[in-house]
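Novice: Can you keep this structure in mind? I'll have questions shortly.
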Amino acid sequence: MAEEESEMVGGDGTAGIVWSELPKDVRLKVLSHLGIQDLCRMRCVCREWRDVIHHRDFRGMYDMANSSQEPRPVMCYLESSYPLRLEWTAYDYEGKLWKKMNSFPSLSHSCLTTLNARVQNFSSLNVGLYSVGGLLCLLRWHYLQVIETGRAPSPCRVISSWTVWNPYRNRWKKLLPPCKHKVSDIASSFVHVFVSDERTKAYKILMAHGVASHPNHSFHAGEQKLVTEIYDSRTGTWTDGAEHTLKAKLSYRRPFVRGVLCNGVIYFATERYETHQINRFSRPSVLLSYDINKDEWLEETLDSFLLLFEWDGRLMALNVDNAADGSTEQKFLEWDLVRRMWKDTCMSMPLKIGKAFRYDLEGFSIVASGNHLAVTGLTMDVTEFRIAVYKRAENYWRMPPTATFSDKLRPARVEGLVLHRPSLDWRP
Numbered sequence: 001m002a003e004e005e006s007e008m009v010g011g012d013g014t015a016g017i018v019w020s021e022l023p024k025d026v027r028l029k030v031l032s033h034l035g036i037q038d039l040c041r042m043r044c045v046c047r048e049w050r051d052v053i054h055h056r057d058f059r060g061m062y063d064m065a066n067s068s069q070e071p072r073p074v075m076c077y078l079e080s081s082y083p084l085r086l087e088w089t090a091y092d093y094e095g096k097l098w099k100k101m102n103s104f105p106s107l108s109h110s111c112l113t114t115l116n117a118r119v120q121n122f123s124s125l126n127v128g129l130y131s132v133g134g135l136l137c138l139l140r141w142h143y144l145q146v147i148e149t150g151r152a153p154s155p156c157r158v159i160s161s162w163t164v165w166n167p168y169r170n171r172w173k174k175l176l177p178p179c180k181h182k183v184s185d186i187a188s189s190f191v192h193v194f195v196s197d198e199r200t201k202a203y204k205i206l207m208a209h210g211v212a213s214h215p216n217h218s219f220h221a222g223e224q225k226l227v228t229e230i231y232d233s234r235t236g237t238w239t240d241g242a243e244h245t246l247k248a249k250l251s252y253r254r255p256f257v258r259g260v261l262c263n264g265v266i267y268f269a270t271e272r273y274e275t276h277q278i279n280r281f282s283r284p285s286v287l288l289s290y291d292i293n294k295d296e297w298l299e300e301t302l303d304s305f306l307l308l309f310e311w312d313g314r315l316m317a318l319n320v321d322n323a324a325d326g327s328t329e330q331k332f333l334e335w336d337l338v339r340r341m342w343k344d345t346c347m348s349m350p351l352k353i354g355k356a357f358r359y360d361l362e363g364f365s366i367v368a369s370g371n372h373l374a375v376t377g378l379t380m381d382v383t384e385f386r387i388a389v390y391k392r393a394e395n396y397w398r399m400p401p402t403a404t405f406s407d408k409l410r411p412a413r414v415e416g417l418v419l420h421r422p423s424l425d426w427r428p
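The numbering of the sequence shown is the UniProt record's numbering, which starts it at 1 and goes up by one.
Here is the structure:
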């Protein structure tokens with residue numbers, strides 16, 4: 001009965017349009033202008049609407065019609081209620097609130113139970129969220145002890161799996177095998193997922209890390225080498241990239257450092273280890289960059305810590321060196337590709353906004369596109385996960401009170417902040 005009633009649309013009681021009598025291309029064009037959530041909800045109306053997102057012609061038409069939409073900030077979290085689920089949520093700029101989407105596939109109950117146990121012990125989630133094209137990518141890892149002859153057991157990270165998923169078509173796959181090395185826990189790993197060919201909807205995953213079992217590698221001797229591995233969706237295989245011997249000794253703060261792609265180069269910023277630190281508020285750092293075409297790493301030292309992000313093709317950064325004492329506004333910088341130096345943008349985060357977040361900016365993330373810049377992080381008392389939004393055209397900051405993520409959700413359950421634009425034509 002529901003399918004028969006859906007044939008009549010746009011009626012006012014005396015006249016209407018019989019949906020089935022419209023030409024098929026007109027019907028597809030009408031559906032292509034629905035919002036992605038409306039389109040998914042309307043799939044229950046009839047069989048044609050249910051199957052439409054799987055038609056190649058419609059997928060391309062829909063992506064073209066919605067290509068000008070700004071991507072939205074999204075993140076994942078471990079649901080605190082039973083049954084356990086790893087969910088993802090998207091922030092609505094207009095409604096000023098987080099919208100719950102759906103659950104990640106392929107995660108077993110035992111995996112979710114393990115994640116929940118870590119959170120109960122106030123440890124962070126062993127997952128990383130990334131976005132590429134219309135896909136969401138979930139990285140999972142676990143810890144184990146490596147026993148070497150004549151040495152005490154040392155911790156290392158083992159990559160459990162990569163899951164690549166189109167959340168709107170619910171098409172997903174696990175990348176098998178994941179990267180082949182046991183990852184040293186002494187330093188951070190560097191990860192970025194990027195589009196390698198927009199026309200064929202191909203993507204690559206870059207992972208660079210110190211390896212606990214690499215024959216030319218010894219963190220215990222003070223030497224830090226990075227080994228690069230790259231996954232190509234076109235071949236479904238991991239290949240080795242360039243190795244890099246670090247000049248500076250890196251400080252371990254985060255298991256994985258996200259990259260930022262700009263003009264064919266992927267940039268990573270991470271803190272370096274200093275035995276004698278004069279100013280307790282300073283955070284000396286290292287800027288690592290990987291040239292995709294040259295398969296080459298470069299390394300530069302920084303006097304302060306920069307939180308990197310990309311804004312419509314520009315490499316941007318927030319200088320957080322003074323975040324601890326709260327004495328100055330935190331300034332935004334832009335990377336000059338020609339002069340290879342940071343320049344002031346005359347844009348800053350107001351002190352009132354900056355002071356709302358945890359003083360060391362643990363879990364702090366920035367994404368930006370078009371008119372919007374969003375920052376998320378833990379509050380000063382580490383009880384909430386908040387978002388602040390900057391509108392460039394209005395030059396206005398706000399921290400909506402309605403945008404508190406969840407009063408019942410521990411901050412440790414939240415992971416990642418990435419930009420995501422819905423797309424039906426991307427396949428894992």
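Note that CB positions come from ideal geometry on N, CA and C, so glycine has one too.
With 16 other CB atoms within 10 Å as the buried threshold, where does GLU294 fall?
Specialist: The sequence shown places Lys at residue 294, not Glu. Exposed, by the Cβ-count rule.
Novice: Please work out which residues of its chain come closer than 6 Å, Cβ to Cβ, to SER365, disregarding the five sequence neighbours upstream and downstream, and give them in chain order.
Specialist: THR376 and LEU417
Novice: Mark VAL265 as exposed unless 16 or more other C-beta atoms lie within 10 angstroms of its C-beta, in which case mark it buried.
Specialist: buried
Novice: Within the continuous beta strand (DSSP E) that includes LEU424, where are the two ends?
Specialist: Where LEU424 is concerned, there is no enclosing beta strand (DSSP E), because DSSP gives it neither an H nor an E.
Novice: Let me check understanding here. Comparing Cα to Cα, which of VAL414, ALA374, SER348 and TRP238 lies closest to TYR91?
Specialist: ALA374
Novice: Express the C-alpha separation of ASP240 and ALA388 in angstroms, rounding to a whole number.
Specialist: 39 Å
Novice: Just the Cα atoms here: how many angstroms apart are LYS331 and LEU308?
Specialist: 12 Å
Novice: I'd like the span of the beta strand (DSSP E) that includes MET75, first residue to last.
Specialist: 72-78
Novice: Which two residues bound the contiguous beta strand (DSSP E) that contains VAL191?
Specialist: 189-197
Novice: For ASP344 and VAL26, I'd like the C-alpha separation in whole angstroms.
Specialist: For ASP344 and VAL26, the distance between alpha carbons rounds to 50 Å.
Novice: Within the same chain, show all residues whose beta-carbon is closer than 6 Å to that of LEU84, passing over the 5 residues directly before and after it, in chain order.
Specialist: LEU112 and ASN116
Novice: Compare the C-alpha of GLY370 against each of CYS137, LEU250 and LEU419 and name the closest.
Specialist: LEU419
Novice: Can you confirm whether the region 226-233 touches the region 248-261 when touching is taken to mean that 3 or more C-beta pairs between the two stretches lie within less than 8 Å?
Specialist: no
Novice: Run the CB neighbour count on GLN69, radius 10 Å, all protein chains shown included, and call it buried at 16 or more, exposed below.
Specialist: By the 10 Å Cβ count, GLN69 comes out exposed.
Novice: Less than 8 Å between the CB atoms is what I'm expecting for TRP335 and ASN166, so what's the real figure, rounded?
Specialist: That pair is no contact at about 32 Å.
Novice: Judging by CA-CA distance, which residue of LEU298, MET341 and ARG72 is the nearest neighbour of LEU315?
Specialist: MET341
Novice: Have a look at PHE357, SER233 and VAL191 and flag the residue whose alpha-carbon is nearest the alpha-carbon of MET380.
Specialist: Checked all of PHE357, SER233 and VAL191; the closest Cα to MET380 is PHE357.
Novice: In terms of alpha-carbon separation, which member of MET75, LYS247, GLU198 and LEU175 lies closest to TRP88?
Specialist: MET75
Novice: At what residues does the beta strand (DSSP E) containing LYS249 begin and finish?
Specialist: Careful: LYS249 lies outside any beta strand (DSSP E) and carries neither H nor E.
Novice: Give the single residue among CYS346, LEU378, PRO284 and ALA208 whose Cα lies nearest to the Cα of ALA248.
Specialist: PRO284
Novice: Identify whether HIS142 lies in helix, strand or coil by the three-state DSSP scheme.
Specialist: Looking at HIS142 - three-state DSSP - the assignment turns out to be strand.
Novice: Need the endpoints of the beta strand (DSSP E) that ASP291 sits in, please.
Specialist: First-last of the beta strand (DSSP E) with ASP291: 285-291.
Novice: Excluding five sequence neighbours on each side, which residues of the same chain lie with their C-beta closer than 6 Å to the C-beta of GLY222?
Specialist: In this prediction, GLY222 has a pLDDT of 48, which is less than 50 and means its spatial position is unreliable; nothing more can be read from the coordinates.
Novice: Going by other Cβ atoms of all chains shown within 10 Å of its Cβ, with 16 needed for buried, is TYR396 buried or exposed?
Specialist: exposed
Novice: Any idea which residues DSSP pairs TYR231 with across the strands?
Specialist: ILE205 and TRP238
Novice: Identify the continuous alpha helix (DSSP H) that holds ASP92 and give its terminal residues.
Specialist: ASP92 -> not in any alpha helix (DSSP H); beta strand (DSSP E) instead, spanning 86-92.
Novice: Are the CB atoms of SER289 and LEU298 within a distance shorter than 8 Å?
Specialist: yes
Novice: Provide the residue span of the beta strand (DSSP E) that contains ASP63, from first to last.
Specialist: For ASP63, no beta strand (DSSP E) segment is defined; the enclosing uninterrupted segment is the alpha helix (DSSP H) at 56-65.
Novice: Take LEU129 as the anchor and find which of PRO73, LYS100 and TYR168 has the nearest alpha-carbon.
Specialist: PRO73
Novice: By how many angstroms is the C-alpha of LYS29 removed from the C-alpha of LEU351?
Specialist: 47 Å
Novice: Would ASP63 be called buried (16 or more neighbouring beta carbons within 10 Å of its own) or exposed?
Specialist: buried
Novice: Do you know how far the Cα of GLU271 is from the Cα of ALA208?
Specialist: 16 Å
Novice: Among residues of its own chain, excluding the 5 on either side of PHE268, which ones have a beta-carbon nearer than 7 Å to its beta-carbon?
Specialist: For PHE268, where only same-chain residues beyond five positions count, the Cβ hits under 7 Å are PHE190, VAL257, GLY259 and LEU288.
Novice: How about VAL158 and LEU139: are their beta carbons less than 8 Å apart?
Specialist: no
Novice: Taking all protein chains shown into account, decide if ALA393 is buried (16 or more other Cβ within 10 angstroms of its Cβ) or exposed.
Specialist: By the neighbour-count criterion, in which a residue is buried when 16 or more other Cβ atoms sit within 10 angstroms of its Cβ, ALA393 is exposed.
Novice: Going by CA-CA distance only, name the one from VAL286, LEU337 and ALA368 that's closest to GLU310.
Specialist: Ranking the options by Cα distance to GLU310, first place goes to ALA368.
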